[in-house]
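Trainee: Let me begin by handing over the structure; questions about it come next.
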Amino acid sequence: MRNKVKSKIIIYLLINVLVIGGDDYKMPPKAIADIVDASALPGISISPDKNQILIMERSTLTSIEELSQPELKLAGLRINPIANGRSRASYYTGLTIQNFKSGKQKKVKGLPPDGRISNVSWSPDGKNIAMAITKGNRINLYIVNVKNAKAKLLFKSGLNAIYGTPFYWISNSKELIVKTVIENRGEPPKPLTVPEAPVIQENLGTVAPVRTYQDLLTNTSDEKLFEYYMRSQLVKVTLAGKIKKIGRPGMIRRAEPSPDGKYILRETIHRPFSYLVSVYRFPFLVEILNKDGKLVHTVRDVPLAETVPIGRDAVMTGPRSFGWRSDEGSTIYYVEALDDGNPRKKVSYRDKVFTLKTHLMVIRKN
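First residue of the sequence shown: 9, per our numbering; consecutive thereafter.
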């Protein structure tokens, strides 16, 4: 009986010690802390002229501040609504430029303290490096001059980094195409506590296997939030920070300039959204714009892809995977399945590759 009483007293005292000692964060012994804080292997990026190498430092740990940020789960994306970027994204913490021949290193200066660096991209001539830096409630575009290793904020507007690449260099190395958060867009829609309407799903007679996806849209409130954070305004910005709007705002998933800098390949998501698949299979419009944002040609309106067969190599039917040929000035390529997108179907060839010359599109339109 006495042993039981003693055991209860000891347990009671231990609980009180744990409660009293749990008021703040505690550091483990130095030996353990050194293991946890050990530097991760850096990332590297080689300049286009092969003369410089960029060494990108990264942290092995996520800060408490970052972990405490809110997170929205919409259409298969995990979004940080404060910065208008992706949550749980990997990033770099510091940059060093090293000359290949001499081995001389220059630490990049002018970066914001505690900024999270991502989307690092060399200019085509190798003289500058562009990057997105998340700091506080905004993601900004910074440019590093390779010669003096100094970074500068290019312009104050925040980037929209929810989906895809937030910026692309133009081939002249003097300008970039950038996705920005729309100015004066207002407050985000408030999540509904009571549904506006029932969720209706129809079977239109098509039988298809369905994968399971995480974080899908579930109601009209999710749809409004997704559209609010996804919408962006394209701008063209010079190295001097001069900005020019390009085209209309939209849910832009991609805006890539042609190798000759004369055109822009833009892909814009549109409704109807799906509650069965993620954003990667939402319908989107593929268009060619001139360098000033004027529509030159509509390549394809890619439909919602809810009925793609299950399989690693399964794809949608019809034209897909649009891009610029890097060996020509302004020629589009795309791919079309010859097996109905089903990898289980036995065929001699899986895909057929097509090309479209942009100048011929202009002639046809005129």
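Beta carbons are placed, not taken as given, at the ideal position from N, Cα and C, and that holds for glycine. Note that the structure is predicted; figures quoted are calculated from it, not measured.
Aspartate 309 by DSSP, collapsed to three states: which one?
Mentor: Here aspartate 309 sits in strand by DSSP.
Trainee: Label proline 174 either buried or exposed according to how many other C-beta atoms from any shown protein chain fall within 10 Å of its C-beta, with 16 as the threshold for buried.
Mentor: Classification of proline 174: buried, given that the 10 Å Cβ count is 16 or more.
Trainee: With DSSP as the reference, label threonine 228 as helix, strand or coil.
Mentor: Reduced to three states, the DSSP call for threonine 228 is helix.
Trainee: Do glutamate 295 and threonine 306 have their beta-carbon atoms positioned less than 7 Å apart in this structure?
Mentor: Yes, Cβ-Cβ distance for threonine 306 and glutamate 295 is below 7 Å.
Trainee: The alpha helix (DSSP H) with lysine 360 in it runs from where to where?
Mentor: Counting along the chain, lysine 360 falls outside any alpha helix (DSSP H), though it belongs to the beta strand (DSSP E) covering 359-365.
Trainee: Is valine 6 buried or exposed, if buried means 16 or more other CB atoms sit within 10 Å of its CB?
Mentor: Nothing about residue 6 can be reported from this structure: the residues present for the chain run from 9 to 374 only.
Trainee: Quick one, which of Ser334, Gly349 and Asp335 has its alpha-carbon nearest serine 327's?
Mentor: Contrary to the premise, residue 327 reads as proline rather than serine in this sequence. When only C-alpha atoms are compared, the closest one is Gly349.
Trainee: What runs of the alpha helix (DSSP H), each 4 residues or longer, lie entirely inside the region 58-113?
Mentor: Whole alpha helix (DSSP H) segments, 4+ residues: 72-75.
Trainee: Return the CA-CA distance between isoleucine 28 and alanine 97, expressed in angstroms with no decimal places.
Mentor: Any reading at isoleucine 28 must be qualified, since the residue scores a pLDDT of 46, below 50, and its modelled position is unreliable; the value itself is stated next. Roughly 36 Å between the two C-alpha positions.
Trainee: Would you mind giving the Cβ-Cβ distance between methionine 64 and leucine 103, rounded to the nearest angstrom? I have them listed as a contact below 8 Å.
Mentor: The pair is a contact, with the Cβ atoms about 6 Å apart (cut-off 8 Å).
Trainee: Taking only the alpha-carbon atoms, compute the straight-line gap between asparagine 145 and aspartate 359 and give it to the nearest angstrom.
Mentor: Cα to Cα, the separation comes out at about 44 Å.
Trainee: Helix or strand or just coil, what does DSSP make of alanine 39?
Mentor: Helix, per DSSP.
Trainee: Name the residue from Arg289, Ile61, Glu74 and Gly194 whose alpha carbon lies nearest to the alpha carbon of lysine 109.
Mentor: Among Arg289, Ile61, Glu74 and Gly194, the Cα nearest to that of lysine 109 belongs to Ile61.
Trainee: For the beta strand (DSSP E) that alanine 138 lies in, which residues bound it at each end?
Mentor: Looking at the DSSP string, the run of the beta strand (DSSP E) that includes alanine 138 is 136-143.
Trainee: Take the Cβ of arginine 388 as the centre, count every other Cβ of all protein chains shown within 10 Å, and call the residue buried at 16 or more, exposed below.
Mentor: One cannot answer for residue 388 here, as it falls past the ends of the chain, which runs 9 to 374.
Trainee: With DSSP collapsed to three states, give me the class of phenylalanine 163.
Mentor: Coil at phenylalanine 163, not helix or strand.
Trainee: Using three-state DSSP, classify glutamate 183 as helix, strand or coil.
Mentor: Glutamate 183: strand per DSSP, three-state reduction.
Trainee: Please determine if the region 340-349 and the region 279-292 are in contact, where contact requires at least 3 C-beta pairs separated by less than 8 Å.
Mentor: With the cut-off at 8 Å, the region 340-349 and the region 279-292 do not touch.
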